[in-house]
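Chemist: Residues 1 to 485 in the UniProt record's numbering are what the sequence shown spells out, letter by letter. This structure is in structure tokens; I'll ask about it shortly.
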Amino acid sequence: MQTKNTSHICLECNQEKNLSNWCKPCYSKHFQNDFNNWTSGDYKVDKFIQDSQLNANYSWKVIEWIPYDRFKDVKQIGRGGFGTIHYAKWIDGLIRGWDIENQQWKRRGEYEVALKKFDNLVNLNDALNEMAIHLKTNSRAYSNSIRFYGITQDPETHSYIMVLEYASDGNLREYLKINFNNINWFQKLQNLWDLSYKLLNIHELNIVHQDFHPGNILSSDFKNSVLQISDFGLSKLIGANSPEKKNIFGVLPFIAPEVLSGEEYTKAADVYSFGIIAHEIVTGFPPYHDVPHDKDLALKICNGLRPKIPFHTPKLITRMIMRCLDARVTHRPTFYQLVNELSKYYNDYRKYLKGKNEDSEIVIQIKKAEKFSVNPSHSLGSIWKSISRILVHWREELTNTTTITTTTPMNYKTHPEAIYTKLEELMKSTSTSSTEELTNTTTITTTTPMNYKTHPEAIYTKLEELMKSTSTSSTVASKLHVPNF
């Protein structure tokens with residue numbers, strides 16, 4: 001006869017808790033008994049919170065109504081099209097279990113959180129949709145997304161606020177900008193595999209993210225590749241009975257060409273976004289950082305423009321990225337295929353670091369890439385070195401200067417019109433041309449090595465913000481199969 005694990009026995013009902021030490025029957029009852037002691041002021045919000053508490057099988061599937069006065073040291077740390085992000089300390093902290101003696105929840109105590117405030121909310125259903133999808137992605141077994149703890153409300157503006165896990169290391173874009181020279185190929189492969197696996201988990205929930213870019217990849221420990229996905233404001237459940245939005249949203253360089261051309265956003269469009277992110281992880285450069293992010297760039301993307309991949313990048317990685325960026329949607333890999341491929345590369349290289357597997361193809365290619373990075377005089381590097389000497393000589397004669405600065409991921413300058421912004425903002429600022437310009441998407445430009453110079457108009461923000469910042473004529477929205485704003 002199998003005996004019960006006494007460490008997981010609920011002392012109230014004498015039944016065994018699940019592996020996360022959660023007793024759903026008892027805990028649901030405690031939550032329900034407290035329903036009359038709080039309200040958000042809105043029936044839909046109350047119902048959403050209550051349903052999560054009654055149906056949760058694990059602590060990470062529970063959200064709470066948290067009074068705003070239970071936060072301290074609140075300060076703004078970011079801004080987006082939806083509103084603002086604040087840092088705060090949650091005085092009480094997370095629920096850890098039920099205190100039978102005192103008949104109240106045991107809590108972790110003071111805890112750092114991020115507050116996502118919906119200052120510009122027009123429709124509460126949009127916020128609730130984001131919250132529902134975000135909660136669906138929460139998983140302790142493999143942390144796909146930033147943890148969602150609860151909802152609160154600004155007492156002055158009455159804006160609803162999502163209470164989220166605080167990512168102390170910030171987002172991937174800023175991390176790469178500061179630390180790229182210290183990131184080795186083991187960490188790059190780990191990051192690529194980790195992101196592909198988390199997107200696979202999200203896709204298996206029948207969710208498409210629709211706004212996947214480095215600004216939405218957060219971490220409290222980038223060094224150990226603990227990456228989490230955030231911002232599900234544009235995400236949707238596949239097959240959900242919701243009116244289809246015809247507007248194109250997102251950050252322009254990460255939007256798939258078929259979406260720019262007015263086609264439906266699918267899982268394959270998330271794969272395209274992953275390919276652009278993979279390029280940035282591998283090279284350290286934001287996509288199209290040296291050109292304006294405008295309607296001309298959108299047209300070029302639809303006609304085959306892709307970020308340049310340095311020639312010394314491991315060919316297996318180059319091919320993977322190019323497959324993700326294929327204009328033909330059906331030719332892109334799925335995240336299931338990407339996970340299997342990247343898992344092999346990651347494991348092969350990990351074995352090599354332990355003194356094994358030196359003949360693996362990915363190992364050989366990475367060693368060549370590292371050799372080039374250390375001594376670019378090998379291969380084509382000698383050609384560039386000779387050219388550099390000539391340029392230095394010319395420049396000394398013309399300007400009396402003695403050095404030429406090489407653009408790197410650590411010193412690139414962003415073009416002032418390369419705005420990493422929401423697409424709808426950009427479209428408001430540009431002129432109308434024919435739809436055919438955007439729909440000619442049959443080829444992909446082969447990537448070649450080049451020296452990067454940052455265009456002063458390369459600004460990576462949400463497209464809707466960009467469009468507000470520029471002069472309005474007739475909108476490019478018609479070209480993109482999007483109604484005028």
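Every residue gets a Cβ at the ideal spot worked out from N, C-alpha and C, and that includes glycine. These numbers were taken from a predicted model, which means no experiment stands behind them.
In whole angstroms, what is the alpha-carbon distance linking residue 109 and residue 49?
Modeler: If you take the alpha carbons of residue 109 and residue 49, they lie about 21 Å apart.
Chemist: Would you be able to state if there are at least three C-beta pairs under 8 Å between the region 303-322 and the region 158-170?
Modeler: no
Chemist: Helix, strand or coil: which one does DSSP assign to residue 36?
Modeler: helix
Chemist: Counting only the same chain and skipping the five closest in sequence on each side, list residues whose C-beta sits under 6 Å from that of residue 278.
Modeler: 192 and 321
Chemist: Could you say which of 355, 346 and 372 lies nearest to residue 362 if we only look at CA atoms?
Modeler: 346
Chemist: Identify, in the order they occur along the chain, each residue of the same chain with its Cβ nearer than 6 Å to the Cβ of residue 15, setting aside the five sequence neighbours on each side.
Modeler: none
Chemist: Which residue spans inside the region 183-230 form an unbroken beta strand (DSSP E) run of at least 3?
Modeler: Restricted to the region 183-230, the beta strand (DSSP E) segments that are unbroken, complete and at least 3 residues in length are 217-221 and 226-229, listed in chain order.
Chemist: By the three-class DSSP mapping on this structure, what secondary structure does residue 365 have?
Modeler: helix
Chemist: Can the beta-carbon of residue 202 be found closer than 7 Å to that of residue 137?
Modeler: yes
Chemist: Please report the residue range of the alpha helix (DSSP H) in which residue 50 lies.
Modeler: 43-55
Chemist: Are the CB atoms of residue 237 and residue 206 within a distance shorter than 7 Å?
Modeler: yes
Chemist: If we count Cβ pairs, one from each stretch, closer than 8 Å, do we get three or more for the region 263-274 versus the region 161-172?
Modeler: no
Chemist: Cutting at 8 Å between CB atoms, please list the residues of its own chain near residue 112, excluding the five before and the five after it.
Modeler: 87, 88, 89, 90, 166 and 168
Chemist: With the cut-off set at 7 Å, would you say residue 275 and residue 325 are in Cβ contact?
Modeler: Contact flag set, yes.
Chemist: Span of the alpha helix (DSSP H) holding residue 318?
Modeler: 315-324
Chemist: So for residue 235, helix, strand or coil by DSSP?
Modeler: coil
Chemist: Could you tell me if residue 556 is buried or exposed, where buried requires 16 or more neighbouring beta carbons within 10 angstroms of its beta carbon?
Modeler: With the chain represented from 1 up to 485, any question about residue 556 goes unanswered, as that position is not in the structure.
Chemist: State the CB to CB distance for the pair residue 301 and residue 333, rounded to an integer number of angstroms; the pair is presumed to be in contact (CB under 8 Å).
Modeler: No, residue 301 and residue 333 are not in contact; Cβ-Cβ is about 20 Å, not under 8 Å.
Chemist: Tell me where the alpha helix (DSSP H) around residue 172 begins and ends.
Modeler: 172-179
Chemist: Give me the Cβ distance between residue 284 and residue 409, rounded to the nearest whole Å; I'm assuming they're in contact under 8 Å.
Modeler: With a beta-carbon spacing of about 3 Å, residue 284 and residue 409 fall inside the 8 Å limit used to define contacts.
Chemist: Out of 69, 127 and 132, which one is the CA nearest neighbour of residue 63?
Modeler: In this structure, 132 is the residue among 69, 127 and 132 with its C-alpha nearest to the C-alpha of residue 63.
Chemist: Nearest CA to the CA of residue 118: which residue from 107, 104, 139 and 154?
Modeler: If you compare the alpha carbons of 107, 104, 139 and 154 with that of residue 118, the shortest gap goes to 154.
Chemist: Quick one: give me the first and last residue of the beta strand (DSSP E) that residue 88 is part of.
Modeler: 84-90
Chemist: Which residue's Cα is closest to the Cα of residue 39: 221, 222 and 152?
Modeler: 152
Chemist: So who's on the other strand from residue 16, going by DSSP bridges?
Modeler: 9
Chemist: Just to confirm, is the Cβ distance from residue 147 to residue 214 under 7 Å?
Modeler: no
Chemist: Does DSSP put residue 296 in a helix, in a strand, or in coil?
Modeler: Residue state, collapsed to three classes: helix.
Chemist: In chain order, what residues of the same chain lie with their CB nearer than 6 Å to the CB of residue 135, ignoring the 5 residues before and after it?
Modeler: 148
Chemist: Should residue 104 be labelled buried (16 or more other beta-carbon atoms within 10 Å of its own) or exposed?
Modeler: exposed
Chemist: Can you find the residues in the same chain that come closer than 6 Å, C-beta to C-beta, to residue 254, ignoring five residues on each side of it along the sequence?
Modeler: Excluding sequence positions up to five before and after residue 254, its CB lies within less than 6 Å of the CB of 213, 273 and 276, all in the same chain and listed in chain order.
Chemist: Grab the span of the beta strand (DSSP E) containing residue 115 for me, first residue to last.
Modeler: Looking at the DSSP string, the run of the beta strand (DSSP E) that includes residue 115 is 111-117.
Chemist: Enumerate in chain order the residues of its own chain whose CB-to-CB distance from residue 348 is below 7 Å, with the five nearest sequence positions on each side excluded.
Modeler: 357, 360, 362 and 363
Chemist: If residue 52 and residue 22 are in contact, beta carbons under 8 Å, what's the gap, nearest whole angstrom?
Modeler: Not a contact, Cβ separation roughly 13 Å.
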